[in-house]
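In the numbering used here, the protein residues as written are 321 to 581.
The beta carbon of each residue, even a glycine, is placed where N, CA and C say it ideally should be.
Here the structure is a predicted model, which means the values were calculated and not measured.
Everything on this sheet refers to the single structure shown next.
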Amino acid sequence: MVRNLVAKEIDIGIIGGSGFYNLINIANTTTLRVKTAFGSVDVIKGNLGGKKIGFITRHGPKHTKPPHKVNYHANALALFLLGAKYVIATNAVGSLKKEFPPGSIIIVDQIIDFTKNRKTTFFDGEFGLTMPDGRVKKGVVHTDVTEPYCSYLRKKIIESAEKLKLSVFPRGTYICTEGPRFETPAEINFFRMIGGDVVGMTTVPEAFLFKELEICYASITVVTNYAAGMQQRVTHKEVIEIFNKRIPDIVNLITEVIKNL
Ligand code: HPA
């Protein structure tokens with residue numbers, strides 16, 4: 321069922337791949353078509369761990385949108401309009417370091433933005449937003465991104481992983497590229513030199529938009545491969561395969577986090 325609605329309906333948003341929605345045990349699901357100033361988004365609403373959840377497939381319900389074409393603005397705004405206080409995302413990345421082998425889970429804490437053609441803000445002059453406390457954000461807005469990911473939610477994820485005896489790395493720097501191509505080995509060497517730990521294509525502008533919306537957002541980042549030049553080739557097939565292997569652990573982790581929020 322799809323119904324149009326713009327109201328406060330959820331506590332927690334989840335952004336992930338379609339593969340993983342099928343495994344996450346959300347009860348009483350309905351699909352809400354949320355209209356935003358940037359387009360409509362289908363959000364699967366339901367209950368999990370006593371909380372109201374809204375799930376979005378980042379690349380669209382049929383995984384048709386490549387990273388540079390994802391409607392990050394509509395996705396983020398839809399969760400905002402539904403009333404999400406927290407958003408947990410999952411992202412696949414390549415590793416720049418031997419310490420983070422494929423299969424590693426990292427609760428990244430920093431970003432270096434190497435995207436080229438993405439609008440990384442809501443506030444380009446005309447857009448205005450009324451925040452839940454009544455403040456209006458509009459015009460020139462400079463957002464503090466000292467903590468690009470919410471440290472409270474990162475802590476909850478790390479503590480939940482400890483409870484589950486699931487090994488996760490508690491921090492890492494995510495280099496975001498434009499894609500959709502993978503990187504050259506020379507780019508990877510450069511990214512490592514400037515302090516990157518992992519490289520992916522989806523955290524920008526997503527993390528920055530949630531910062532603007534003042535929603536507590538964090539990512540469960542999954543290493544699917546060594547980056548270009550560190551292994552023979554990087555293939556999308558491998559990325560999907562390794563990510564899918566970690567889905568049961570990620571589902572358990574998200575379920576535990578939600579219980580503890
Ligand atoms: N590079 C960029 N994005 C990625 C990679 C990679 O090696 N692996 C998974 N997403």
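Check: E526 C-beta below 7 Å from any heavy atom of the ligand HPA: no
Hey, quick one: how far does the beta strand (DSSP E) through K458 stretch, first residue to last? If you look at K458, you'll find it in the beta strand (DSSP E) that goes 456-458.
When the Cα atoms are used, what is the spatial distance from L416 to A409? 21 Å
Shorter than 8 Å from the beta carbon of T440 to some beta carbon of chain B? No chain B is present in this structure, which holds just one protein chain.
Chain-order list of residues whose beta-carbon lies under 6 Å from that of G532 (same chain, five-residue window excluded): Strictly speaking, residue 532 in this sequence is Glu, with Gly absent from that position. The answer, listed in chain order, is F442, T463.
Kindly give me the distance between the Cβ atoms of P505 and A548, rounded to whole angstroms, as I take these residues to be in contact under 8 Å. 5 Å
Would DSSP call L352 helix, strand or coil? strand
Of the listed residues F563, F358, P381, nearest to T351 (C-alpha basis): P381
Using 8 Å as the threshold, is the stretch 558-566 in touch with the stretch 506-516, meaning 3 or more CB pairs across them? no
Option nearest K485 by Cα separation, candidates N572, G337, L343: N572
When burial is assigned at 16 or more other CB atoms within 10 Å of the CB, is H393 buried or exposed? buried
Proximal residues to F340 (C-beta, below 6 Å), its chain only, five neighbours per side dropped: I567
So the beta strand (DSSP E) Y472 belongs to, where does it begin and stop? Premise fails: Y472 lies in the alpha helix (DSSP H), 471-484, not in any beta strand (DSSP E).
What number of angstroms, rounded off, separates the C-alpha of K405 from the C-alpha of Q552? Each residue's Cα considered, the two are about 42 Å apart.
Who pairs with F489 in a beta bridge, going by DSSP? Bridge partners of F489: I426.
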